[in-house]
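**Student:**
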Amino acid sequence: MNIEELSKAQLILLTILVNFVMSVATGIMTVSLLDQAPPVVTQAINRVVDRTVERVVQAVPSVAPSSPAPSNQELVMSAIAADAHRAVGFYPPRSGTSSPVVAVGTFLPKSRVAVTATRDALTRDMLVQFENGSTALATLSQSKNGISVYSFPTGTTIPEIPSTLLVTTKDLRLGQTVLAVAEDGSAATGIVSKVSDTAINTTLPDIGLGSAVVDINGNIIGIATGIPGSLFPASVISALLAATSTPH
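Counted the way my numbering counts, the sequence shown spans residues 7 to 254.
#1: Report buried or exposed for D89, applying the criterion of at least 16 other Cβ atoms within 10 angstroms of its Cβ.
#2: Judging by CA-CA distance, which residue of V121, S84, R130 and V82 is the nearest neighbour of R100?
#3: Shortest alpha-carbon distance to F136 belongs to which of R92, S117, T175 and S169?
#4: According to DSSP, is G196 part of a helix, a strand, or is it coil?
#5: Using only the alpha-carbon positions, how far apart do N207 and V219 sit?
#6: Within 10 Å of its beta-carbon, does I153 have 16 or more other beta-carbons around it, so buried, or fewer, so exposed?
#7: In chain order, what residues of the same chain lie with their CB nearer than 6 Å to the CB of T170, ignoring the 5 residues before and after it?
#8: Can you look up V119 in the DSSP assignment and give me helix, strand or coil?
#9: According to DSSP, which residues form a beta bridge with G111?
#10: With H, G and I counted as helix, E and B as strand and the rest as coil, what does DSSP make of G228?
#11: On the DSSP letters alone, give me the boundaries of the alpha helix (DSSP H) that A240 sits inside.
#12: Considering just the uninterrupted stretch of the beta strand (DSSP E) at I206, what are its terminal residues?
#13: Spell out the partners DSSP gives A142 in its beta bridges.
#14: At the level of alpha carbons, what is the spacing between P253 and S244?
Right, dumping it as structure tokens:
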């Protein structure tokens, strides 16, 4: 058969066949030559092959297995635990923790302050009890718009716990999940139902005046006003801290 009479498909198949035969022949010839070559040549070729393989392996980046993202339930549990660790109680300095708690609030470790909702029973100096049972004397530094901020004097020993962020009202969204640890120690969940510059409304039950409310990341969005679902915005706390030049 004349090669010019072959179709395109037949020409392609013929080319593949020729390449295959040539590869097999080349391989056989290479093996034969290596068998006849002196040991020095064979060792040199093997070293080149080994080094080439090592470089290729080192060039391939190793991919570490990624950790699975935390589930929604894990985030909720972590946020509630963080809120509970920051919860504090306010007591009269003279009688201390042997008397009933005057108010509940939250501890901001980075700012070295404890904040709560303003009430008549609070005095200038209060004994603050932390979640671990330790206590420290604090002095009122700012009180405005329903929030009272108590500062701990320099040198006072306070618990070392992770700091938190104060979420501004502009960063809140309707329907956003909110969490809280109530005054009696029970956990509560709800959503943001309304937001303004001066107030935040949620579907939370009555969690007790002064209790902190956090988002799913454990950051504070507000302080309970004593009215079910109503909060003083965290931005009020930020303004009071800024007025005293306290970092937060």
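C-beta atoms are modelled at their ideal positions from N, C-alpha and C, and glycine is treated no differently.
Please read these numbers as outputs of a predicted model, since none were measured by experiment.
**Tutor:** In short:
#1: In the sequence shown, counting from the first residue as 1, residue 89 sits at position 83. D89 is buried by the Cβ-count criterion.
#2: The count along the sequence shown starts at 1 and reaches residue 100 at position 94. The shortest C-alpha separation from R100 is found at R130.
#3: For the purposes of this step, residue 136 is identified with residue 130 of the sequence shown, where counting begins at 1. Distance from the Cα of F136 is smallest, within the candidate group R92, S117, T175 and S169, for R92.
#4: Numbered from 1 along the sequence shown, position 190 holds the residue referred to as residue 196. Three-state DSSP puts G196 in a strand.
#5: Numbered from its first residue, the sequence shown carries residue 207 at position 201. Numbered from its first residue, the sequence shown carries residue 219 at position 213. When rounded, the distance between both Cα atoms is 11 Å.
#6: As a position in the sequence shown, residue 153 is number 147, starting the count at 1. Burial call: buried.
#7: Locating residue 170 in the sequence shown gives position 164, where the first residue counts as 1. The residues are N225 and I226.
#8: Here residue 119 is taken as the residue at index 113 of the sequence shown, counted from 1. For V119, the three-state secondary structure derived from DSSP is strand.
#9: What you label residue 111 is simply residue 105 of the sequence shown in a count that begins at 1. Bridge partners of G111: V94 and T122.
#10: Sequence index remark: in the sequence shown, residue 228 carries index 222 (1-based). Strand at G228.
#11: Counting from 1 along the sequence shown, the entry for residue 240 is found at position 234. A240 to A249 is the extent of the alpha helix (DSSP H) around A240.
#12: Translated into positions along the sequence shown, residue 206 becomes position 200. Boundaries of the beta strand (DSSP E) around I206: I206 to T208.
#13: Residue mapping note: residue 142 aligns to position 136 of the sequence shown, counting from 1. DSSP lists V134 as the beta-bridge partner residues of A142.
#14: Within the sequence shown, numbered from 1, the residue matching residue 253 stands at position 247. Within the sequence shown, numbered from 1, the residue matching residue 244 stands at position 238. Because the pLDDT at P253 is just 46, under 50, the model does not fix this residue reliably, and the value given afterwards should be weighed accordingly. P253 and S244: Cα-Cα distance of roughly 9 Å.
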